[in-house]
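Scroll down for the structure; my scribbles are underneath it.
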Amino acid sequence: MLSSSLPRTPARAFLLLLALLLTLLRPSAPFSDREEAQIRRLQEYLRIPTAHPDPDYSAAASFLLSLARSVGLRTLTLEFAPGKPLLLLSWPGSDPSLPSLLLNSHLDSVPAEPSKWSHPPFSAARDPATGRVFARGAQDDKSLAVQYLEALRALRDSGFAPLRSVHVSLVPDEEIGGADGAARLAASEEFRGLNVGFVLDEGQASPTDEFRVFYADRSPWRLIVKAAGPPGHGSRMFDGGAVENLMNCAEAVARFRESQFDLVKAGLMAASEVISVNPVYMKAGIPSPTGFVMNMQPSEAELGFDLRLPPTADPELIKKRIDEEWAPTIKNMTYQLIQKGPIRDYAGRPLMTPTNETNPWWPVFEQAVKSAGGKLAKPEILSSTTDARFMRQMGIPTLGFSPMSNTPILLHDHNEFIEDKVFLKGIKVYEQIISALSSLPGY
Ligand SMILES: [Zn+2]
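Residues -30 to -1, 1 to 413 in mature numbering (1 follows the signal peptide of the UniProt record, and there is no 0) are what the sequence shown spells out, letter by letter.
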C-alpha cells in the first residue's frame, strides 16, 4: 500500500529513512533470553492456584521440586499434616558444620476477588507496556521462591561453591497462621538437623527506591471483654448496667489507643512500634422481631478487640491494664485473651533480630545489598505477622526482606503485581546476599 500510494520522489526516500531511524531508535529487547526464561518461570508458578481455602499445594510443590532439581539442589518433602507438603531444598556447603543460611517462602496465598481485578488473579498476565506481572501472590510471596532458586542457579552456573550450607524452605499455611507449616518445621528434628544460623523470610514491597527490612513482627492478640449487670427498664438510671460498664471499658481502651496513636502522629514512633488496639465487634441488645427491644437494658454485653504488641512491649503490663482498667472483676467484667503466637523466644528474650554488629550476619547482609546496587531503609517492625516469628522463637536471627523497591504495597490487595525488571533485580540482589552470607567465615 505504502509504495503504490507514494510518489517515487525524495519524499519517499525521506519516509524510508525515517522508518529506518525509528527502527534503530526503538530499544532492543530489554531482557536477555535467560531473563525472559526467568520471568516465564515466575509466571508459571504464579498461575498455580494457591489461594485459600483450597490451595493446590501438590501442583505448587511439584513445580518447585522440578525447578530445584534443574538447579541441582537436594530436595526433601515433609508432610506434617496430610495434603500439606513442605519442601526443604539444600545446597551443602564445603563446611557443613558451620551454621547454615535458610531462605523461607510460603506456598499459599490469600483469596482474590476476580471481578475486582484488571486481569484474572491466576493468569500472571504481563502487561507489555509496563512489564507488570499481575497475580495473587506476585508480591506475597511467590516471587521470592522463584528468585531464591534463580539466584542459586546463577551462582551454581558461575562456579560458586558455598562455605556454609544454603537451604530453602517452602512452607504451607502461612496465611492461616502457619500451625501446620513453619511452626511444625521449626519444632522438627529435620529443622534441628539443618543447623540454621540465619533466616531470610518475606518482607514487603517498598514504594521508594530503598528496600525495606524487618527485624521483628508484632504479636497479634484477640481480646474479648464481657460485661454483666442487672437488667432493667430502659427508663431507669442505675449503676453497674452491663452496657454502661462496657462503655466504660471502651472509653478506657480509647484513651490508651489515643496515647499510642499520638506517639505515631507526633513522629516519635512508627505505627508498628506502638501497641495498637482497635474494636472489631460489639454484641449487645435483646433482639425483637423488628430489631431490638428498645425499653430494656440488657444484662450482658460484649466487645471484641484486635491488639498488636511489638516485641518491645511488656505483655504483663498490658494484662495488668486489662485486669485493672479495661475489664475489672469488681465491675462484673470478664475477659478472654487469645494470644496468637509467642512474644518472647525460648530463652525469654524479646522476639527481635539485632540489626547491628552484635549480629554477625547483619553487616554482611547490609553490605551485600549495597554491592548489588540496592539501598536499605531503616530497619522496621512489621505491623502484622509472618512465619519469621517461629524462627525467632528458636533464637535464630531472622530478617523479613522482599527485594521490591519502587513498587506499591499490594499484598492482599486487588491487582497485586510485580514488575518484571524489579523481579529480575531481586534475583541479582539474592545472588549477592547468598554468596556473601554463605561465605561468612566461622564464628
Ligand atoms: Zn506472605
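Glycine included, C-beta positions come from ideal geometry on N, C-alpha and C. Computed from a prediction, not measured in an experiment: that's the story for all the values here.
Requested in this report: State yes or no: is the C-beta of V195 within less than 8 Å of the C-beta of L216?
Outcome: For the purposes of this step, residue 195 is taken as the residue at position 225 of the sequence shown. For the purposes of this step, residue 216 is taken as the residue at position 246 of the sequence shown. Contact: yes.
Query - Residues near E327 by beta carbon distance below 8 Å, same chain, minus five either side - result: Sequence index remark: in the sequence shown, residue 327 carries index 357 (1-based). Excluding residues within five positions, the ones whose Cβ falls inside 8 Å are P333.
Query raised in the report: If you measure from the CB of T355, is any heavy atom of ligand 1 nearer than 7 Å?
Result: Locating residue 355 in the sequence shown gives position 385, counting from the first residue. T355 Cβ: outside cutoff for every heavy atom of ligand 1.
Query raised in the report: ligand 1 heavy atoms versus the CB of D110: any closer than 7 Å?
Result: Residue mapping note: residue 110 aligns to position 140 of the sequence shown, counting from 1. In this structure, D110 has its CB closer than 7 Å to one or more heavy atoms of ligand 1.
Report task. May I have the straight-line CA-CA distance separating P281 from S353, to the nearest angstrom? Result -> Within the sequence shown, the letter at position 311 stands for residue 281. Within the sequence shown, the letter at position 383 stands for residue 353. A direct Cα-to-Cα measurement between P281 and S353 gives close to 11 Å.
Requested in this report: Mind checking which residues open and close the alpha helix (DSSP H) that includes Q363?
Outcome: Indexing the sequence shown from 1 puts residue 363 at position 393. Secondary structure note for Q363: its alpha helix (DSSP H) is the uninterrupted segment 358 to 363.
Query - Rounded distance between the beta-carbons of F181 and K345, thought under 8 Å - result: Here residue 345 refers to the residue found at position 375 of the sequence shown. Here residue 181 refers to the residue found at position 211 of the sequence shown. In this structure, K345 and F181 form a Cβ contact; the two beta carbons are roughly 7 Å apart against a cut-off of 8 Å.
Requested in this report: Consult DSSP for V183 and reduce its assignment to one of helix, strand or coil.
Outcome: On the sequence shown, residue 183 is found 213 positions in, with the first residue counted as 1. V183: strand per DSSP, three-state reduction.
Query raised in the report: At what residues does the alpha helix (DSSP H) containing G163 begin and finish?
Result: Sequence index remark: in the sequence shown, residue 163 carries index 193 (1-based). Counted as a single uninterrupted DSSP element, the alpha helix (DSSP H) harbouring G163 occupies residues 159 to 164.
Query raised in the report: Does any heavy atom of ligand 1 sit closer than 7 Å to the C-beta of H76?
Result: Position 106 of the sequence shown holds residue 76. Yes, since a heavy atom of ligand 1 falls inside the 7 Å radius drawn around the Cβ of H76.
Requested in this report: Go ahead and label H137 buried or exposed: buried means 16 or more other beta carbons lie within 10 angstroms of its beta carbon, across all protein chains shown.
Outcome: Residue numbering aside, residue 137 sits at position 167 when the sequence shown is read from its first letter. Taking every protein chain shown into account, the CB of H137 has 16 or more other CB atoms within 10 angstroms, so this residue is buried.
Query raised in the report: S75 bridges to which residues according to DSSP?
Result: Locating residue 75 in the sequence shown gives position 105, counting from the first residue. S75 is bridged to L140.
Query raised in the report: Could you check where the beta strand (DSSP E) with W296 kicks off and where it finishes?
Result: As a first step, residue 296 is located in the sequence shown; it is residue number 326 there, counting from the start. In the DSSP annotation of this structure, W296 is not part of any beta strand (DSSP E), being labelled neither H nor E.
Requested in this report: Please confirm whether any heavy atom of ligand 1 lies closer than 7 Å to the CB of E144.
Outcome: Along the sequence shown, one-based indexing puts residue 144 at 174. Yes, since a heavy atom of ligand 1 falls inside the 7 Å radius drawn around the Cβ of E144.
**Report entry** DSSP beta-bridge partners of R96
**Finding:** For the purposes of this step, residue 96 is identified with residue 126 of the sequence shown, where counting begins at 1. Beta-bridge pairing links R96 to V103.
Query raised in the report: For I397 and chain C, any beta-carbon pair shorter than 8 Å?
Result: This model lacks chain C altogether, as it is built from one protein chain only.
Requested in this report: Using beta-carbon positions only, say whether P411 and R359 come within less than 8 Å of one another.
Outcome: Taking the first residue of the sequence shown as 1, we reach residue 411 at position 441. Taking the first residue of the sequence shown as 1, we reach residue 359 at position 389. Their beta carbons are not under 8 Å apart, which means P411 does not touch R359 by this criterion.
Query raised in the report: In chain order, what residues of the same chain have a beta carbon less than 6 Å from the beta carbon of I397, not counting five sequence neighbours either side?
Result: Residue 397 sits at position 427 when you count from the first residue of the sequence shown. Around I397: Q117, E120, A121.
Query raised in the report: Looking only at C-alpha atoms, which of S375, Y400, V399 sits nearest to E389?
Result: Taking the first residue of the sequence shown as position 1, residue 389 is located at position 419. In terms of CA proximity to E389, S375 leads the group S375, Y400, V399.
Report task. Express the C-alpha separation of D276 and A283 in angstroms, rounding to a whole number. Result -> The residue you call residue 283 lines up with position 313 of the sequence shown. The residue you call residue 276 lines up with position 306 of the sequence shown. Taking the straight line from one Cα to the other gives about 16 Å.
Query raised in the report: On the three-state DSSP scale, how would you describe Q306?
Result: Working through the sequence shown from its first residue, we reach residue 306 at position 336. Of the three classes helix, strand and coil, the one that applies to Q306 here is strand, per DSSP.
Requested in this report: Mind listing, in chain order, the continuous alpha helix (DSSP H) runs of no fewer than 4 residues lying wholly within the segment 230 to 299?
Outcome: Counting only runs of 4 or more, we get 285 to 291.
Query raised in the report: Looking only at C-alpha atoms, which of F50, S176, L71, S88 sits nearest to Q109?
Result: Position 139 of the sequence shown holds residue 109. Between Q109 and the set F50, S176, L71, S88, the nearest pair of CA atoms involves S176.
Requested in this report: Let me know the secondary structure DSSP gives A197 once reduced to three states.
Outcome: Within the sequence shown, the letter at position 227 stands for residue 197. In the three-state DSSP reduction, A197 falls in the strand class (E or B).
**Report entry** Local Cβ density within 10 Å of V263, reported as buried at 16 or more and exposed below that
**Finding:** By one-based count along the sequence shown, residue 263 stands at place 293. Flag for V263 reads exposed.
Requested in this report: Kindly identify the DSSP beta-bridge partner or partners of D171.
Outcome: As a working mapping, residue 171 is identified with position 201 in the sequence shown. DSSP lists G370 as partners of D171.
Query raised in the report: Out of S405, A157, T100, which has the shortest C-alpha to C-alpha gap to V339?
Result: Position 369 of the sequence shown, counting from 1, holds the residue named residue 339. Of the candidates S405, A157, T100, the one whose C-alpha sits nearest the C-alpha of V339 is S405.
Query raised in the report: Roughly how many whole angstroms lie between the Cα atoms of L43 and S88?
Result: Position 73 of the sequence shown, counted from the first residue, corresponds to residue 43. Position 118 of the sequence shown, counted from the first residue, corresponds to residue 88. The alpha-carbon separation between L43 and S88 amounts to approximately 37 Å.
Query - Same chain only: Cβ atoms within 6 Å of T377, ignoring 5 sequence neighbours per side - result: Indexing the sequence shown from 1 puts residue 377 at position 407. A175, V392.
Query raised in the report: Under a Cβ-count criterion, where at least 16 other Cβ atoms within 10 Å of its own Cβ denotes burial, should P200 be classed as buried or exposed?
Result: Position 230 of the sequence shown, counting from 1, holds the residue named residue 200. Exposed is the call here.
Query raised in the report: How many whole angstroms separate the CB atoms of P190 and T355, which I take to be in contact at a CB cut-off of 8 Å?
Result: Taking the sequence shown and counting its residues from 1, the one referred to as residue 190 is at position 220. Taking the sequence shown and counting its residues from 1, the one referred to as residue 355 is at position 385. About 6 Å separates the Cβ atoms of P190 and T355, confirming a contact at the 8 Å cut-off.
Query raised in the report: Who pairs with F387 in a beta bridge, going by DSSP?
Result: Within the sequence shown, numbered from 1, the residue matching residue 387 stands at position 417. According to DSSP, F387 bridges with F104.
Requested in this report: Check R123 in the structure and name its three-state DSSP category.
Outcome: Numbered from 1 along the sequence shown, position 153 holds the residue referred to as residue 123. Three-state DSSP puts R123 in a helix.
Requested in this report: Return the residue from the list R17, G163, D26, A271 that minimises the CA-CA distance to P66.
Outcome: If you number the sequence shown from 1, residue 66 lands on position 96. Looking at the Cα atoms, G163 is the closest of the given residues.
**Report entry** Proximal residues to P259 (C-beta, below 6 Å), its chain only, five neighbours per side dropped
**Finding:** Start at 1 with the first residue of the sequence shown, and residue 259 comes out as number 289. Excluding positions up to five away in sequence, the list is empty.
Requested in this report: If I'm right that L321 touches R314 with Cβ under 8 Å, what's the distance once you round it to whole angstroms?
Outcome: Position 351 of the sequence shown, counted from the first residue, corresponds to residue 321. Position 344 of the sequence shown, counted from the first residue, corresponds to residue 314. Confirmed, Cβ separation roughly 7 Å.
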